[in-house]
Each structure stands twice: as C-alpha cells, then as structure tokens.
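Using UniProt numbering, the first residue of the sequence shown is number 1, and each one after it goes up by one. Virtual Cβ for every residue (Gly too), placed ideally from N, Cα, C. One structure below.
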Amino acid sequence: MAVTRTFSIIKPDATRRNLTGAVTKMLEEAGLRVVASKRIRMSRGQAEGFYAVHKERPFYNDLCSFMTSGPVVVQVLEGEDAVKRNRDVMGATNPAEAAEGTIRKAYAESIEANSVHGSDSEDNAKIEIEFFFKPEEIVG
Ligand code: UDP
1 MAVTRTFSII KPDATRRNLT GAVTKMLEEA GLRVVASKRI RMSRGQAEGF
51 YAVHKERPFY NDLCSFMTSG PVVVQVLEGE DAVKRNRDVM GATNPAEAAE
101 GTIRKAYAES IEANSVHGSD SEDNAKIEIE FFFKPEEIVG
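The following block contains the structure:
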C-alpha cells in the first residue's frame with residue numbers, strides 16, 4: 001500500500017475542550033504521522049472557500065459560522081492509504097452513527113460540531129493541503 005497524504009482539521013468544538021492532543025493521539029495510533037500542523041483562526045472567507053462544495057446545502061452558513069467560532073488545528077497527515085485510514089478513524093459524520101473506537105464517537109458533540117474534518121478523496125486531499133499549507137511547511 002502506498003504512503004500518501006491527507007488533510008485534517010481539529011475543529012473548534014475540540015480545541016475549545018482542549019482535545020488537540022487527545023485527537024492527535026488517536027490519529028497517530030491509527031498509523032498516521034503529523035507532517036505539518038498549525039493552529040489558526042479561520043477567516044469567514046477561508047471557511048466559505050473551503051466548504052464551497054456545500055454552498056447550496058442548508059447547513060452551509062451555520063457550518064461556516066461554527067468553523068470560525070474558535071481556533072482550529074489544520075494538519076497534513078501521512079501514512080499508508082492515508083485518506084481512507086483517516087476517514088476510518090474519524091467515524092461517521094453524525095456521531096450518533098459513529099462506530100466505537102472512532103474520534104467522532106469519542107468526542108463529537110453533534111453532526112455539526114463533530115471534532116474533525118478529513119479529506120474524502122486523494123484529489124481533494126491535494127486541493128485542501130494546498131489551501132492551507134505552503135510546500136515548505138510540510139516536513140515528511
Ligand atoms: N454538517 C452539518 N450538518 C449536516 C451535515 C454536515 O453541519 O447535516 C457539517 C459537519 O461539520 C460535517 C461537514 O458539514 O463534518 C461536512 O459535511 P460532509 O457531508 O462532507 O461530512 P464529513 O466528510 O465531514 O464526514
């Protein structure tokens with residue numbers, strides 16, 4: 001299996017509860033390595049651009065407000081089949097449906113405040129990594 005990269009966000013509900021380390025530990029235990037990480041306050045423009053694919057969805061405005069409501073930690077993760085590995089450890093979008101042992105089962109507060117983002121494809125991983133990181137900020 002090829003070593004690949006994916007993009008992750010530790011969302012404001014998790015940073016607010018001081019869970020950055022706990023979430024990162026679960027990512028690492030799932031076989032992912034943090035090769036870039038920074039804590040930022042997302043601007044409204046960044047949030048709207050990042051989630052542009054959801055622009056027509058009813059939750060878009062609230063989601064952009066939530067993502068700018070506190071600090072987030074954006075990360076590049078590396079590992080074998082990183083996109084799927086990360087999606088597996090994240091768990092289902094709705095924490096009520098998330099499997100035992102997943103980050104969202106352990107920590108998510110709601111379908112919106114669900115603690116983590118993870119790219120859903122290799123193509124989107126590349127786009128999302130470039131949205132937040134310069135190449136020299138990623139140290140593999
Ligand atoms: N979301 C929401 N309400 C919904 C569905 C999604 O607030 O009914 C938010 C939630 O924070 C989710 C994000 O929008 O993580 C992106 O949704 P997507 O369907 O891409 O889920 P994900 O890939 O994050 O599991």
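Along the chain, where does the beta strand (DSSP E) containing residue i start, and where does it finish?
i    : result
F7   : 3-10
M40  : In the sequence as displayed, the identity of residue 40 is Ile instead of Met. Run containing I40: 33-40, per the beta strand (DSSP E) assignment.
V76  : 72-80
I139 : In the sequence as presented, Ile is not what sits at residue 139; that position holds Val. V139 -> no beta strand (DSSP E), and no H or E assigned at all.
V53  : From DSSP, V53 is part of no beta strand (DSSP E); its letter is neither H nor E.
Which word fits residue i, buried or exposed, when buried means at least 16 other C-beta atoms lie within 10 angstroms of its C-beta?
i    : result
D123 : exposed
G49  : exposed
A125 : buried
P58  : exposed
S119 : buried
A36  : buried
M26  : buried
N114 : buried
T24  : buried
I127 : exposed
S8   : buried
D13  : buried
Counting only the same chain and skipping the five closest in sequence on each side, list residues whose C-beta sits under 7 Å from that of residue i.
i    : result
R85  : A30, G31, L32, G79
T102 : V89, M90, G91
G140 : V35, E78
Determine whether the beta carbon atoms of residue i and residue j lie at a separation below 8 Å.
i    : j   : result
I111 : P71 : no
L77  : R17 : no
T68  : A47 : yes
V83  : K11 : no
R44  : C64 : yes
Residues in its own chain within less than 8 Å of residue i by CB, not counting five upstream and five downstream?
i   : result
E15 : Note on identity: in this sequence residue 15 is Thr, with Glu being the wrong assignment. Counting only Cβ-Cβ distances below 8 Å, and skipping sequence neighbours, we find R39, G70, P71, V72, V73.
For residue i, would you say it is in contact with chain B, using Cβ-to-Cβ distances shorter than 8 Å as the test?
i    : result
G101 : Among the chains of the structure shown, chain B does not appear; only one protein chain is present.
Leaving out five residues on either side along the sequence, give the residues of the same chain with a beta carbon under 6 Å from the beta carbon of residue i.
i   : result
A98 : G91, A92, R104, K105
M1  : E80, D81
Y60 : H54
Grab the span of the alpha helix (DSSP H) containing residue i for me, first residue to last.
i   : result
V23 : 20-29
G49 : 44-50
Are three or more beta carbon pairs between the stretch 132-140 and the stretch 104-112 nearer than 8 Å?
-> no
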